[in-house]
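Peer 1:
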Amino acid sequence: MRHATKQWLIPIVGAVMMVLTAGAMTSGAMAKDIELSFYYPVAVGGPITKIIDGYAADFEKANPGIKINAIYAGTYQDTLVKALTAFKSGEPPDIAVLLSTDMFTLIDEDAIAPFDDLLKTDADKTWAKSFYPAFMENSQTGGKTSDEKTWGIPFQRSTIVMFWNKDAFKAAGLNPDKAPDTWDELVADGGKLTTRDAAGNVSQWAVEIPSTGFPYWLFQGLTTANDVRLMNSAGTQTYFDKPAVIQALQYWVDLSRKDKIQPTGTIEWGTTPKDFFERKTAIMWTSTGNLTNVRANASFPFGVAMLPAHQGRGSPTGGGNFYFFKKMTGDERDAAFKFVKWMTTPERAADWGIATGYVAVRPDAWETPAMKKYVADFPAAAVARDQLKYAVAELSTHENQRVTKALNDGIQAALTGTKTPEQAMKDAQQEAVRILRPYQ
Amino acid sequence: MHASETIAHGLEGDDSRALPAPFAAGTAGAAVAPMRVTAHIHGWLLLLPAAVLLVIFTHYPAVATIIDSLFSTPRGHRSAAFVGLDNYQAMLEDPVFWRALGNNIAYAASVIPLTIALALTMAVWVNGKIAGRPFLRLAFFAPTVLPMIAVANIWLFFYSPGYGLFDQMLGVFGIATHNWLGDEHTALACLIAVAVWKDAGFFMIFYLAALQQMSPQLAEAAAIEGASRWYFFRRVTFPLLMPTTLFVLVNAIINSFRLIDHIVVMTQGGPANTTALLLFYIYEVGFKFWDTAYAATLTVVLLALLAFLALGQFLILDRRIHYQ
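In order, the protein sequences belong to chains A and B. For the first sequence, the working numbering gives the first residue as 1, with consecutive numbering after it. For the second sequence, the working numbering gives the first residue as 1, with consecutive numbering after it.
1. So, helix, strand or coil for A/N321, using DSSP?
2. Of all Cβ atoms in chain B, is any one closer than 9 Å to the Cβ of A/S27?
3. Measure the CB-CB distance between A/G289 and A/G221 and report whether it falls below 9 Å.
4. I'd like the list of long-range same chain contacts for A/T21, defined as Cβ closer than 7 Å, with 5 residues on each side in sequence excluded.
5. Determine the chain A residues that contact B/Q268 at a beta-carbon separation under 7 Å, and present them in chain order.
6. Per DSSP, A/W204 is paired with what?
7. I need the straight-line Cα distance from A/A43 to A/L80, nearest angstrom please.
8. Please state the DSSP three-state secondary structure of A/G303.
9. In whole angstroms, what is the alpha-carbon distance linking A/D227 and A/H310?
10. Could you tell me which uninterrupted beta strand (DSSP E) segments, each at least 3 residues in length, are contained entirely in the stretch 147-175 of chain A, listed from first to last along the chain?
11. Indicate the three-state DSSP secondary structure (helix, strand or coil) for A/K67 in the structure shown.
12. If we count Cβ pairs, one from each stretch, closer than 8 Å, do we get three or more for the stretch 220-231 of chain B versus the stretch 170-179 of chain A?
13. So, helix, strand or coil for A/M25, using DSSP?
14. Rounding to the nearest angstrom, what Cα-Cα distance links A/E91 and A/D377 in this structure?
15. CA-CA distance, B/I66 and B/T297?
16. Give a yes or no on whether the C-beta atoms belonging to A/V207 and A/L249 are separated by under 9 Å.
17. Since A/A309 sits in a beta bridge, which residues does DSSP pair it with?
18. For A/G28, I'd like the list of residues in its chain whose CB is within less than 8 Å of its CB, leaving aside the five on either flank, ordered along the chain.
19. What first and last residue would you give for the alpha helix (DSSP H) that runs through B/M122?
20. Would A/W269 be called buried (16 or more neighbouring beta carbons within 10 Å of its own) or exposed?
21. Just to make sure I have the definition right: I need the residues of chain B whose C-beta is within less than 9 Å of the C-beta of A/L415. Which are they?
22. Closest by CA to A/F214, which one among A/K280, A/D409, A/K61 and A/R348?
23. Which word fits A/K373, buried or exposed, when buried means at least 16 other C-beta atoms lie within 10 angstroms of its C-beta?
24. From A/N293, A/K260, A/R257 and A/D259, pick the residue whose C-alpha is nearest to that of A/T272; which is it?
25. Just the Cα atoms here: how many angstroms apart are B/I205 and B/L146?
26. Would you please state the rounded distance, in angstroms, between the beta carbons of A/S315 and A/T159? I believe it to be under 8 Å.
27. Does the stretch 124-142 of chain B come within contact of the stretch 265-273 of chain B, defined as at least 3 CB pairs closer than 8 Å?
28. Between which two residues does the alpha helix (DSSP H) holding B/V151 run?
29. Whose Cβ in chain C lies nearer than 7 Å to the Cβ of B/R75?
30. Counting only beta-carbon atoms, is B/Y60 nearer than 9 Å to chain A?
31. Using DSSP's beta-bridge definition, name the partner residues of A/Y72.
32. Does A/K144 come within less than 9 Å of chain B when only Cβ atoms are used?
33. So which of A/A83, A/I68 and A/P180 has the shortest CA-CA distance to A/T75?
34. DSSP on B/P134, reduced to helix/strand/coil?
35. Please look up how many angstroms separate the CB atoms of A/L193 and A/A282, rounded, as I've assumed it's under 8 Å.
36. Can you find a CB in chain B that lies within less than 9 Å of the CB of A/E347?
Here it is, written out as structure tokens:
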């Protein structure tokens, strides 16, 4: 009886074995085909996906046997959520472009592998050193015990620049070809650029520094100019309550409350370019990523300048890096490494920068003929590059989003007038110390 | 007949009596018993697909959330450890949690009565005989068919200082521009307005349906008795609409805790947490801070809050409602 009941199993076992053998034969025949999943932060459709698809197709043609599956996952935040959720369910992507500031989060989750052991040849080592040092600051860290490692490779990176409306400058009796170069000049010019109607209502503000979403990033444009850093490179300490930081925040708050050349309250990041196009503000601070947008939509001549200096000059970097997730086998890692190197050659970095407005990530990209021609036609594109020598890493620590939220809340509380800059930064620092305690 | 009766029993979940009865009593006879069992299994099989879905997508996640809230968040090589009520302790000491809870209560307490009042007013209005009635109904209903993300993006520009719709309208009367979403005193009120605008049209449809089912004889009788229109509404129409109001109220409460798309688009909880609602904070903790255990803890609180509100509604309000 027992024996008889098992008999129905035989055909099934046979069928399973046949399928398995067939599977083994197929994979044996195509043993060299390596498939790599590549999470990329953009919504499906649109011009960017076409460029990435084109790169992937060109790479596959040049490297038979490697297949790149580009997966368009939405915003940076969406892509991180999808990549980490996939990782936690045991099926991580192989390659992903995620924010450079996600580095500590990804290390803490033990999701990514460093690039260092892939750099075997001299050519590879030179390649790893070919990027702007400012971009590598957010791509390397030592952590607590080990020495410095490279966790990310710069790909689509940006900085903050200042756009100004030349017509508005002319109307205010200012030199339309010269943007305010220091904090004091910004305040002085700002007084002339702010126009009020008979009733005293402002019809044009002088400047808008956006303060929603990620105010800490724009705040770094002020703190860096005030010659102070917000965190250490190990990502375990923050310096939010240093006097120079409080002073920088005081300057930002004063633009609205004392000098009255900027709207009060928080300023929406998303509508700031629109404010600029509508001539509601004569100057705006925004990402270099908006360059193409402004070029297409501004109905007046505009200029692009570095952020104004105070103790020094400076801006944080921003944007996304390539990361390698763990769980790739040796062959897969080699193939993925080949892809990343291919994506960051000088020619491709130049092509990508011209197509999107991101800053080409390596100096030699700016020496390519295509880039030289682009800069000759559109000199504003080079401002971001020239500012890179003053650039510092974007705020990134362990428990990154929690720490930046503490700072964001403090900045917004100061801008809305709920707290003094000093109180706001002391509270933010206290919160950051509490969050980072396990990493000391 | 016999079999279908048993199935009906099974579907009602009344199995405790249906199953053992033939065996225990032994009166049905040997031939009937297997048939009843088969029918019973049949009933459960019919129920199975729905039950599986309910367990997988509703009951299991709720139970798993409660269990997760008692453990620490697993990170990298560190697996989750049992921490008892530590997460709840941390929650009680978390100022952002209290802020989000307070905001959510204020938000719900404004959105729900405003939405219901507006929905009822619009329904009564478009129920009457007025010119262009279909267009009016369509206009009131239109916000419902728009996705909340689109609504939020439209309203973001309504609120933008200077050239936004509101500032332009107020500018006609010489009122100074205002940074609606950037001012901590007005930001939450702005989001409340969006939610009311979005939901009122949807609830209007239910009121309209209820109004149209109401017998015209009631109005005629009241008119003969000489009741004023307001008196008629207050003493006849509104009480008869109470079942609809309960339904709308349940949905409005759920929506006020569940719909946060406009916050993501318009303020991200800012400035300085003044517009952070509970679910938005859960999203932040879960998918930005990756503190899944603490997010589970907050979710348990939200679940308990909603369960408590639902119980209150059905136990207390239901008794006062007159069903026709």
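Cβ coordinates follow ideal geometry from the N, Cα and C atoms, glycine included. Keep in mind that this is a model prediction, so the values were computed, not measured.
Peer 2: Here's the rundown:
1. Reduced to three states, the DSSP call for A/N321 is strand.
2. Below a pLDDT of 50, predicted positions are generally treated as unreliable, and A/S27, at 46, falls in that range; the measurement from the model is reported next regardless. No - not a single Cβ of chain B is within 9 Å of the one on A/S27.
3. no
4. Bear in mind that the predicted position of A/T21 carries a pLDDT of just 49, short of 50, making it unreliable; the figure below should be weighed with that in mind. Answer for A/T21: no residue qualifies.
5. Within chain A, T212 and G213 have C-beta atoms less than 7 Å from the C-beta of B/Q268, given in sequence order.
6. Here residue 204 of chain A is Gln; the residue named in the question, Trp, does not match the sequence. For A/Q204, which the question treats as bridged, DSSP gives the partners A/T195.
7. C-alpha of A/A43 to C-alpha of A/L80: approximately 14 Å in a straight line.
8. strand
9. Straight-line Cα distance between these residues: approximately 8 Å.
10. 153-165
11. strand
12. no
13. Confidence in A/M25 is poor, its pLDDT being 45 and thus under 50, which makes the residue's placement unreliable; the coordinate value appears in the next sentence. A/M25: helix per DSSP, three-state reduction.
14. Whole-angstrom Cα-Cα distance: 46 Å.
15. 7 Å
16. no
17. A/T182
18. Unreliable placement is indicated for A/G28, whose pLDDT of 43 sits below 50; the coordinate value is still reported in the next sentence. Around A/G28: no qualifying Cβ.
19. B/M122 -> alpha helix (DSSP H) spans P95 to N127.
20. buried
21. G182, P271 and A272
22. With distances taken between CA atoms, A/F214 lies nearest to A/D409 out of A/K280, A/D409, A/K61 and A/R348.
23. exposed
24. A/N293
25. 16 Å
26. 5 Å
27. no
28. M148 to F158
29. The structure shown contains no chain C; its protein chains are A and B.
30. no
31. Secondary-structure assignment with DSSP links A/Y72 through a beta bridge to A/Y40.
32. Summary for A/K144: the model assigns pLDDT 49, below 50, so the residue's position carries little reliability, and this model does not support an answer.
33. A/A83
34. helix
35. 4 Å
36. no
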